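Number of protein chains: 2
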Amino acid sequence: MRAEGYLLREEDLLPLSIGAALLGTGGGGNPYVGMLRARELIRRGAEVRVIPLDALNDGDWVAEVGGIGAPVVGVEKIEEGGECYRAMRAVEDAAGVKVSAVISAEIGGSNSIEPIIAAAMAGLPVVDGDGMGRAFPEVQMTTYMIYGADVSPAAIADEKGNVVVFKQVIDMFWLERFARDVAVAMGAGAGFAVAPMRGDFVKRTAVPGTVSQALEIGRTVLDARAKRQNVVERVVATTGATLFFTGKIIDILRELTGGFSRGHAIIAGTGDWTGSQARIAIQNENLVLWIDEKPAVMVPDLIMNLEIDTGEPITTEMLRYGQRVAVIGLPAHGLLKTPRALDIVGPKAFGFPELTFEPLIAREIA
Amino acid sequence: MRAEGYLLREEDLLPLSIGAALLGTGGGGNPYVGMLRARELIRRGAEVRVIPLDALNDGDWVAEVGGIGAPVVGVEKIEEGGECYRAMRAVEDAAGVKVSAVISAEIGGSNSIEPIIAAAMAGLPVVDGDGMGRAFPEVQMTTYMIYGADVSPAAIADEKGNVVVFKQVIDMFWLERFARDVAVAMGAGAGFAVAPMRGDFVKRTAVPGTVSQALEIGRTVLDARAKRQNVVERVVATTGATLFFTGKIIDILRELTGGFSRGHAIIAGTGDWTGSQARIAIQNENLVLWIDEKPAVMVPDLIMNLEIDTGEPITTEMLRYGQRVAVIGLPAHGLLKTPRALDIVGPKAFGFPELTFEPLIAREIA
Chain A
1 MRAEGYLLRE EDLLPLSIGA ALLGTGGGGN PYVGMLRARE LIRRGAEVRV IPLDALNDGD
61 WVAEVGGIGA PVVGVEKIEE GGECYRAMRA VEDAAGVKVS AVISAEIGGS NSIEPIIAAA
121 MAGLPVVDGD GMGRAFPEVQ MTTYMIYGAD VSPAAIADEK GNVVVFKQVI DMFWLERFAR
181 DVAVAMGAGA GFAVAPMRGD FVKRTAVPGT VSQALEIGRT VLDARAKRQN VVERVVATTG
241 ATLFFTGKII DILRELTGGF SRGHAIIAGT GDWTGSQARI AIQNENLVLW IDEKPAVMVP
301 DLIMNLEIDT GEPITTEMLR YGQRVAVIGL PAHGLLKTPR ALDIVGPKAF GFPELTFEPL
361 IAREIA
Chain B
1 MRAEGYLLRE EDLLPLSIGA ALLGTGGGGN PYVGMLRARE LIRRGAEVRV IPLDALNDGD
61 WVAEVGGIGA PVVGVEKIEE GGECYRAMRA VEDAAGVKVS AVISAEIGGS NSIEPIIAAA
121 MAGLPVVDGD GMGRAFPEVQ MTTYMIYGAD VSPAAIADEK GNVVVFKQVI DMFWLERFAR
181 DVAVAMGAGA GFAVAPMRGD FVKRTAVPGT VSQALEIGRT VLDARAKRQN VVERVVATTG
241 ATLFFTGKII DILRELTGGF SRGHAIIAGT GDWTGSQARI AIQNENLVLW IDEKPAVMVP
301 DLIMNLEIDT GEPITTEMLR YGQRVAVIGL PAHGLLKTPR ALDIVGPKAF GFPELTFEPL
361 IAREIA
């Protein structure tokens, strides 16, 4: 592996977590506690280099890690910090390999930071990319899994010291089932590591550049706030997103079932959308946006809620009655929109048999 | 390990499974399918030697295996046969040891036969003993766990090829929780292997001689049937059990919750007990027997239902309205009645805070 890329600085963590919260499309968990853990490690001298996909050698082993559980639980059940690291060491043991880099399962939310903590603890670089370019609620929904990564060995670790290894698993749906059930037993929040992947496979299947993309979005938000600019407009301009709706949340249904937060939010239009109503379906993440009951954006494309005044991304567990939100949409990466990918992360896979994926068209980036 | 003991013959399997069904106190699963698997292996030439505890060397590693799940599921979800064997190999891998003998977690029901199948597949002997001298519904309820066996690594395997390893688990209650949840995900029936134990530990903590005891009980039942004797009387005489009640089942409540069969049976007295009513509480196994609402026998002592005419042991999943039963009780082994053991397998541990264990006194064996 070549020493390319850049070292993460302490001051990168806040913008990274803001950008990741946005790309999390409501999910991926709140990155705040993870950010504090990462900051502590960097302050104590840990060096984490962000390397481009190209820097991987074909034969390198790469660990994929991330938190698993219901984001809403993460608000009160504080991670210990070493969960993903211990899961990563357990898959190394089980696979009989040593990894030389860490990559995120999903860039969205806390899972942008978890690989950085594991990498800092292990003295390894983090790859600039992830398996979703956003967040999704289930284990099989990474580009790695979609394009044929080994399903086992995988491992899960909690804050108490328990480590469970999925030594041999017949397919990715079984892995999701086992991992979810153990994560629920662990209190609906745990660190997860999947089978180490070879560098050439990661280069072919990862969504590239998403750590840098999250950093860039976060820096834009912070810059706009500092300059008292309209944050939503700046985010839309930087990312090429489309503003789909503005309004006030008038109803929230959110249930914790089977280790997921499921539900919906209803938004009454304001401004240009006065008189209209939007609805967003949720399974940890925002899945589908309807405006006046017509589907406007659907998975795998990204649906993101920003607080209108501050531009703060609102994760699904933070949605509240009365919040004023801007709903923006962003096209997913092409790796998520092939027929093979849509079988796993398209609207039908999320329980909307009536919806056929209609891609959102990217706007020109300012 | 010394080559003592005796080779299991094909014709031993039927009496073994009858005796084990009785010692299962209603649980442990129906041994019939396992018996067919074991018979097939022995017919094909597998040799399984039953060795006494004394034959173990202190430094030998011993594998503890058994089925895990809800017995009622085993009636329809047929085991593939290699589940316990694969779980045993997975714990050997995880612990980095090779075992030289197999011992049962519980002699009761199908778990008398599971170690024989695993031993036959691995070419190993089976130790004459087990961790309960009966059957219990939960993982921590073995004498091994009660007296401090390592909790991890443990492993669980299903008939489809999935293998999950509990690599590091902080205590036996967490092991029960994880193993139960994964067993439920696997369809509420799977093979389980706990951390290999040293020979000296097994000699101190196993309930001795229970394979031979089950064989002896089964042979008595078959002999009594062949001679058209009263089977219940012969079983009582051979085992030192006490006949507590005879009657007709007039009500059954049985629910499958959390991977367990739970419920109760109500029995209207006949013969000497005409006018009385008995109630048996169930969690996979028979837990407490009340006669006219006064507790008569309670865990860990053994409560066993026999069909009056045939002497057939009735497992809890086979209880039916209208069956005529004899309820007999047998004292548990002393290892289950220490204060330390009663914390885990006494009536309070099973959710009867109002009951303080009153030991059943053994009758003289005829």
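Those sequence lines, one after another, are chains A and B.
Here the first sequence is numbered in the working numbering, starting from 1 and rising by one per residue.
Here the second sequence is numbered in the working numbering, starting from 1 and rising by one per residue.
Glycine residues also receive a C-beta, built at the ideal position from the N, C-alpha and C atoms.
These numbers were taken from a predicted model, which means no experiment stands behind them.
Along the stretch 148–166 of chain A, where does the CB come closer than 7 Å to a CB of chain B? Name the residues. K160, G161, N162, V163, V164, V165 and F166
Is DSSP giving A/P359 helix, strand or coil here? coil
In chain order, what residues of the stretch 172–192 of chain A put their CB closer than 8 Å to some CB of chain B? W174, R177, F178, D181, V182, V184 and A185
Start and end residues, alpha helix (DSSP H) containing B/T220: T210 to A226
With H, G and I counted as helix, E and B as strand and the rest as coil, what does DSSP make of B/S110? helix
Does the separation of the CB atoms of A/L330 and A/G19 fall below 8 Å? no
Closer than 8 Å is the cut-off here; do at least three beta carbon pairs connect the stretch 169–189 of chain A with the stretch 304–324 of chain A? no
What's the gap between the Cα of B/R86 and the Cα of A/G5? 45 Å
C-alpha gap between A/A366 and A/Q229, whole angstroms: Residue confidence for A/A366 is low, a pLDDT of 49 falling below 50, so the modelled location carries little weight and cannot support an answer.
Jot down the residue ranges of each uninterrupted beta strand (DSSP E) in the stretch 300–330 of chain A, minimum 3 residues, whole runs only, in chain order. 302–307 and 324–330
What three-state label does DSSP hand A/A366 in the structure shown? Its pLDDT being 49, under 50, A/A366 is placed unreliably in this model, and the value from its coordinates should be taken loosely. If DSSP states are grouped into helix, strand and coil, A/A366 belongs with coil.
Is there contact between the stretch 130–146 of chain B and the stretch 335–350 of chain B, where contact requires at least three CB pairs shorter than 8 Å? yes
Per DSSP, cross-strand counterpart(s) of A/Y6: A/V50
Determine, using beta carbons only, whether B/Q168 comes closer than 8 Å to chain C. No chain C appears in the structure shown, which is made up of the protein chains A and B.
Decide if A/E47 is buried, meaning its Cβ has at least 16 other Cβ atoms within 10 Å, or exposed. exposed
Under 9 Å, CB to CB, which of the residues in the stretch 76–94 of chain B have a partner in chain A? R86, A90, D93 and A94
Buried versus exposed, by CB contacts within 10 Å (16 or more), B/I250: exposed
Buried or exposed: A/I68, going by 16 or more other Cβ atoms within 10 Å of its Cβ? buried
Output the distance between the C-alpha atoms of B/S152 and B/A195, rounded to the nearest integer angstrom. 5 Å
Per the contact definition of three or more C-beta pairs closer than 8 Å, is the stretch 223–242 of chain B in contact with the stretch 25–38 of chain B? no
Over the uninterrupted alpha helix (DSSP H) stretch that includes B/D272, give me the two end residues. Careful: B/D272 lies outside any alpha helix (DSSP H) and carries neither H nor E.
State the start and end residues of the unbroken beta strand (DSSP E) segment that holds B/G19. Not the beta strand (DSSP E): B/G19 falls in the alpha helix (DSSP H), residues L13 to L23.
So who's on the other strand from B/L289, going by DSSP bridges? B/I280 and B/V297
Where A/E64 falls, given that 16 or more other Cβ within 10 Å makes a residue buried: buried
Counting beta carbon pairs with one atom in the stretch 126–134 of chain A and one in the stretch 99–117 of chain A, are three or more of them shorter than 8 Å? yes
Could you tell me which of B/L41, B/I51, B/I42 and B/L22 sits nearest to B/P208, measuring between CA atoms? B/I51
Go ahead and pull the three-state DSSP assignment for B/G199. helix
Use the C-beta contact count for B/A226: other C-beta atoms within 10 angstroms, 16 or more gives buried, fewer gives exposed. exposed
Between which two residues does the beta strand (DSSP E) containing B/F244 stretch? T242 to T257
Any C-beta of chain B sitting closer than 8 Å to the C-beta of A/Q140? no
B/A118 to A/P353, Cα distance in whole Å? 45 Å
Could you give the first and the last residue of the continuous beta strand (DSSP E) run that contains A/A135? First-last for A/A135: undefined, no H or E at that position.
Can you tell me which of A/F245, A/P339, A/T210 and A/I170 puts its alpha carbon nearest to the alpha carbon of B/D158? A/I170
Measuring alpha carbon to alpha carbon, tell me which of B/A278, B/T142 and B/T210 ends up nearest B/D113. The sequence as given places Ile at residue 113 of chain B; Asp does not occur at that position. When only C-alpha atoms are compared, the closest one is B/T210.
Let me know if A/L7 comes out buried or exposed under the rule of 16 or more other beta-carbons within 10 Å of its beta-carbon. exposed
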